[in-house]
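K.L.:
Heads up, this note's numbering is the position in the sequence shown plus 306, with the first residue counted as 1.
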Amino acid sequence: MNTRLSDMQNGSVLVKTLAAAAGLVALCLAAQDGFTALLEGNSAPGFEMGSPNWVVEDGVLALKDRTDGKMINANYLWTRQQYGDFILHIEFKVLPERANSGVFIRTADRKDPVQTGIEIQVGNAPADRPLGRGSVGGLYDLLAPRVNAYKPNEWNRYVITCRGPRILIELNGQTTAEANLDEWVEARKNPDGSPNKFRTPLKDFARRGYIGLQDHGSPVWYRNVRIKPLD
């Protein structure tokens with residue numbers, strides 16, 4: 307065999323071996339720090355994969371094909387189990403011109419996530435757009451983000467922490483929202499007096515439920531989805 311060809315083949319094997327070892331180390335580190343990966347390679351062991359709209363390739367979960375902008379609850383992607391107190395790491399990427407998705411937490415009824423879950427908005431946030439209760443980094447219809455921490459055309463990283471009534475949202479290393487659900491004592495009203503959509507006061511919401519990724523009819527990509535239960 308040609309010596310150069312042999313060296314190239316050996317080098318290729320070495321690269322693949324090192325890549326596999328790196329992946330194993332990453333999984334071991336994740337296990338050591340108490341986090342569980344909900345996405346792994348070409349599978350999503352932490353989610354119930356039912357809709358053909360969602361596909362997983364090389365550790366990236368993608369919502370493809372639909373671009374009508376319409377919300378279809380049946381095509382939400384839900385975790386297999388329920389979570390109460392937890393830290394969730396999740397990265398997302400969206401199209402610059404049209405984007406709408408969301409991370410739902412503690413959803414009691416998967417058939418009615420809009421009324422029984424709390425949504426952390428996923429989308430784009432141009433620098434010249436005023437921040438509101440529908441902006442990225444906030445709690446949808448409940449709390450506007452403090453700052454615009456969104457990075458256009460890049461992967462954006464959420465860290466979502468739930469402990470009892472308290473919810474902390476961090477986007478790209480910045481705290482964008484903090485909420486104490488016990489302060490939401492009236493239906494359809496936020497603590498500052500502004501209206502919201504919820505027929506039930508948030509203080510009475512379930513403190514354990516499913517985590518879901520919203521299908522709102524526009525492409526979105528998720529990766530590095532990991533969770534650490536705190537209860």
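Ideal Cβ positions, reconstructed from N, Cα and C, are used throughout, including at glycine.
These numbers were taken from a predicted model, which means no experiment stands behind them.
Should the segment 482-499 be called in touch with the segment 389-396, which here means at least 3 C-beta pairs below 8 Å?
P.N.:
Because the criterion of three Cβ pairs below 8 Å is not met, the segment 482-499 and the segment 389-396 do not touch.
K.L.:
Relative to the alpha-carbon of Val428, which residue among Leu536, Pro535, Ser524, Asn530 has its alpha-carbon at the smallest distance?
P.N.:
Of Leu536, Pro535, Ser524, Asn530, the residue nearest in Cα terms is Ser524.
K.L.:
Does Thr422 come out as helix, strand or coil in the three-state DSSP assignment?
P.N.:
Of the three classes helix, strand and coil, the one that applies to Thr422 here is helix, per DSSP.
K.L.:
Could you check whether Asp391 and Asp537 sit closer than 7 Å to each other, using their CB atoms as the reference points?
P.N.:
Taking 7 Å as the Cβ cut-off, Asp537 and Asp391 qualify as a contacting pair.
K.L.:
To the nearest angstrom, how far is it from the Cα of Ile475 to the Cα of Ala405?
P.N.:
Straight-line Cα distance between these residues: approximately 20 Å.
K.L.:
If you draw a straight line from the C-alpha of Ile424 to the C-alpha of Gln520, how long is it?
P.N.:
Roughly 12 Å separates the two Cα atoms.
K.L.:
Based on DSSP bridge pairs, tell me the residues matched to Lys495.
P.N.:
According to DSSP, which records beta bridges pairwise, Lys495 is partnered with Pro501.
K.L.:
What do you reckon, are the CB atoms on Val526 and Ser407 nearer than 7 Å?
P.N.:
Yes; because the gap between Cβ atoms is below 7 Å, this pair is in contact.
K.L.:
Tell me whether the segment 429-437 and the segment 410-420 touch, counting them as touching only if at least three CB pairs, one residue from each stretch, are closer than 8 Å.
P.N.:
The answer is no - the segment 410-420 does not touch the segment 429-437, with fewer than three Cβ pairs under 8 Å.
K.L.:
Going straight from the alpha carbon of Asn478 to that of Trp461, what length do you get?
P.N.:
Their backbone Cα atoms lie some 9 Å apart in a straight line.
K.L.:
Just the Cα atoms here: how many angstroms apart are Asp498 and Leu369?
P.N.:
Going by the C-alpha atoms only, they are around 35 Å apart.
K.L.:
Alpha carbon to alpha carbon, how far is Ala350 from Trp360? Give it in angstroms, no decimals.
P.N.:
Roughly 10 Å separates the two Cα atoms.
K.L.:
Is it buried or exposed, Ala380, if we count other Cβ atoms within 10 angstroms and call 16 or more buried?
P.N.:
Per the 10 Å Cβ criterion, exposed.
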